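Novice:
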Amino acid sequence: MNDATPEPAYNFAYLDEQTKRMIRRAILKGIAVPGYQVPFASREMPMPYGWGTGGVQVTAACLVPEDRLKVIDQGADDTTNAVSIRRFFARTAGVATTTRTADATLIQTRHRIPETPLHAGQILVYQVPIPEPLRFLEPRETETRKMHELEEYGLMHVKLYEDIARHGQIATSYAYPVKVSGRYVMDPSPIPKFDNPKLSDSPAIQLFGAGREQRIYALPPYTKVVSLDFDDHPFTASKAAHVCDLCGARASYLDEVITDDLGGRMFVCSDTDFCTDRQAHGKRGRLSAPISGGAA
Amino acid sequence: MNTHTLSGGFADAPIQSAQAFRAILDAMARPGKIMALHGAAPPAPLSMAAGVALLTLTDATTPLHLAGAADCAPVRDWVAFHIGARLVKAGDAAFALGTWAALQPVTRFATGLPDYPDRSATLIVEMDRLTNHGPTLTGPGIETATWLSLPETAAFRANRALFPMGFDCLFTCGSRIAGLPRSTKVEAL
Chain A
721 MNDATPEPAY NFAYLDEQTK RMIRRAILKG IAVPGYQVPF ASREMPMPYG WGTGGVQVTA
781 ACLVPEDRLK VIDQGADDTT NAVSIRRFFA RTAGVATTTR TADATLIQTR HRIPETPLHA
841 GQILVYQVPI PEPLRFLEPR ETETRKMHEL EEYGLMHVKL YEDIARHGQI ATSYAYPVKV
901 SGRYVMDPSP IPKFDNPKLS DSPAIQLFGA GREQRIYALP PYTKVVSLDF DDHPFTASKA
961 AHVCDLCGAR ASYLDEVITD DLGGRMFVCS DTDFCTDRQA HGKRGRLSAP ISGGAA
Chain B
1277 MNTHTLSGGF ADAPIQSAQA FRAILDAMAR PGKIMALHGA APPAPLSMAA GVALLTLTDA
1337 TTPLHLAGAA DCAPVRDWVA FHIGARLVKA GDAAFALGTW AALQPVTRFA TGLPDYPDRS
1397 ATLIVEMDRL TNHGPTLTGP GIETATWLSL PETAAFRANR ALFPMGFDCL FTCGSRIAGL
1457 PRSTKVEAL
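Protein chains in written order, with this note's numbering: chain A, 721 to 1016; chain B, 1277 to 1465.
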């Protein structure tokens, strides 16, 4: 996977040292106040906003040459966003890359947490589009900041209640709000709510970067993260009620893929590394290719 | 200015500061975990870990307070050459460096604002010893409980009571460093 040696024209991991120090200070303050959004002076990056400029800056500030980097985009290692960010750091930092979750020391992710449990030597960096969980309820930054200060999160509970009144259940299925360590309500980035339980008590360090919105926040390891809910409508981590058609996994998060214009469809693991690994270990799904060279 | 002022910085700043930051990040994210730093040779009385922490985290944009014995000409010159941080009084500092006794009273330091708790000081506390024996630490970053040879408990309990405001600490001893963010609960053993 090492498709490049570091380009000598760039500083290590692209950013200049003063920028990295600024980001590193913001990360440490974020770690010290779990779930609080630390403002930082986000830089222009050589990719458009919305392509993970916040995550890229956090990754650049954390990378060391010994790292093994994995980048996923909605669980996939092989989509444009993941491939281009992985190559960016292979070129500017010369780090080794991998697609295997267990082998990675730093994982940058867009909108998924890997199925394979993380371990203590890992850092998970999230790309965040809108870091403020209250933003769609209250557009003014001055007001949302005051609401966080006063721990006034009633508006969020009203929103979840209105979901129940309208749909009979909490209809929020991604970017599901969480409360961190009993204090700050946090947007976990648009991960499916299926992934929310993995946020809590993770042995890995979780860092969140929002480039356009200029915010960094963090979850230290073993931090209690609770999805907001009601006693009579408890939080459930939902997924499509199917099994993976390629590897037969029952407990992984699934993508629905339309296969023709006659209503044909298949469900596959969103986490490509998890699915590939299961297939390599002989697991089969409904639409798996027959085992080649098998028993005659 | 002597020649020592000009030496003792990072030989390869991008790489060494990245490695140092990862250790400091681990120390702050896992309170009580003692990490090793290397790569700097600051003038006495600074420990190597304190020097590395300064080189990694501070620059011309971070007001620095030197307390007690650390506020001497060799250190001031070294900071001026390698870091360029403005030296300020305790209340204005983003970073402060000294022994626990020299930093007293710690209530002088910025604890942030209720709506901007990140605008708080980070104290780099020079220690005679740094071991995992002492007051009990619990909270974010700690699976069950851990222990650290803190200089006292009352100040850290008072600091925790300010949460989400409060200062954060890095304890340094020789080449070793440990972190104590404001989120950690400290109890006397």
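Beta carbons: idealized from backbone N, C-alpha and C, even for Gly. Bear in mind the structure is a predicted one, so any value in this text is a computation, not a measurement.
1. Could you please tell me which residues of the stretch 744-760 of chain A, in chain order, have their CB closer than 8 angstroms to any CB of chain B?
2. Kindly list the residues whose CB is nearer than 6 angstroms to the CB of T817/A, restricted to its own chain and excluding five residues on each side of it in sequence; keep chain order.
3. Just by C-beta distance, which residues in the stretch 896-923 of chain A are closer than 9 angstroms to chain B?
4. If contact means a Cβ-Cβ distance below 7 angstroms, which residues of the stretch 1433-1461 of chain B contact chain A?
5. Which residues in chain B have a C-beta closer than 9 angstroms to the C-beta of Y937/A? List them in chain order.
6. Using the three-state DSSP reduction, which class does I843/A fall into: helix, strand or coil?
7. Given A1345/B, which residues of its chain have a CB within under 6 angstroms of its CB, disregarding the five upstream and five downstream residues?
8. In this structure, does DSSP put H887/A in helix, strand or coil?
9. Taking the alpha carbon of P1411/B as the point to measure from, which residue in L1465/B, A1421/B and A1386/B has its own alpha carbon closest?
10. Look at the alpha carbon of V845/A and the alpha carbon of D797/A, and state the distance between them as a whole number of angstroms.
11. Is DSSP giving I936/A helix, strand or coil here?
12. For Q999/A versus L966/A, is the C-beta distance shorter than 8 angstroms?
13. Shortest alpha-carbon distance to S1293/B belongs to which of W771/A, L748/A, G750/A and V784/A?
14. Look at the alpha carbon of V945/A and the alpha carbon of Y894/A, and state the distance between them as a whole number of angstroms.
15. From which residue to which residue does the beta strand (DSSP E) around L789/A run?
16. Going straight from the alpha carbon of G774/A to that of P1010/A, what length do you get?
17. For the stretch 1345-1371 of chain B, enumerate the residues whose C-beta is nearer than 7 angstroms to any C-beta of chain A, in chain order.
18. DSSP puts S762/A in a beta bridge; with which residues?
19. Thinking just about the alpha-carbon of each residue, which of D823/A, G772/A and M765/A is nearest to the one in P910/A?
20. Do three or more CB pairs link the stretch 1451-1461 of chain B to the stretch 734-754 of chain A at distances below 8 angstroms?
21. With a CB to CB cut of under 8 angstroms and the five nearest residues on each side skipped, what residues in its chain are close to Q889/A?
22. Can you pull out the residues from the stretch 1378-1392 of chain B whose beta carbon lies closer than 7 angstroms to at least one beta carbon of chain A?
23. Mind pulling the chain A residues with CB within less than 9 angstroms of A1343/B?
24. Take C964/A as the anchor and find which of P940/A, C995/A and L939/A has the nearest alpha-carbon.
25. Mind reading off the beta-carbon distance from R1018/A to E976/A? Whole number of angstroms is fine, and I expect it under 8 angstroms.
26. Could you check the C-alpha separation between A1287/B and G1315/B for me, to the nearest Å?
27. Identify the contact partners of G1417/B in chain A, using a Cβ-Cβ distance below 8 angstroms as the criterion.
28. Can you tell me which of Y904/A, E727/A and G841/A puts its alpha carbon nearest to the alpha carbon of G814/A?
29. Quick one: grab the DSSP three-state call for I1291/B.
30. Chain A partners of L1424/B, CB-CB under 9 angstroms?
31. Just to make sure I have the definition right: I need the residues of chain B whose C-beta is within less than 7 angstroms of the C-beta of F732/A. Which are they?
32. Under 8 angstroms between C-beta atoms, does R1405/B make it to chain A?
33. Which same chain residues, not among the five before or five after C1445/B, have their C-beta less than 6 angstroms away from its C-beta?
34. So what's Q828/A in DSSP terms, helix, strand or just coil?
35. As a quick exercise: from Q757/A, T821/A and K740/A, pick the residue whose alpha carbon is nearest that of T1337/B.
36. If you draw a straight line from the alpha carbon of G1035/A to that of M1304/B, how long is it in whole angstroms?
Specialist: Straight from the coordinates:
1. R744, R745, A746, I747, L748, K749, G750, I751, A752, V753, P754, Y756, V758 and P759
2. M721, L789, R806 and A810
3. V900, S901, R903, Y904, D921 and P923
4. P1440, D1444, P1457, R1458 and S1459
5. Correct list: empty, because the minimum Cβ distance to chain B is about 10 angstroms.
6. strand
7. P1321
8. helix
9. L1465/B
10. 15 angstroms
11. strand
12. yes
13. V784/A
14. 16 angstroms
15. R788 to D793
16. 43 angstroms
17. none
18. S762/A is not bridged to any residue.
19. G772/A
20. yes
21. D883 and H953
22. P1390 and D1391
23. By Cβ distance, chain A contributes nothing, its closest Cβ being about 20 angstroms from A1343/B, past 9 angstroms.
24. C995/A
25. Missing from the structure shown is residue 1018/A; chain A here goes from 721 to 1016 and no further.
26. 8 angstroms
27. I751, P940, P941, Y942 and T943
28. E727/A
29. helix
30. Simply none; closest approach about 16 angstroms.
31. P1290, I1291 and A1294
32. no
33. L1399, V1401 and L1456
34. strand
35. K740/A
36. Coverage of chain A is limited to positions 721 through 1016, which leaves residue 1035/A absent and any answer about it impossible.
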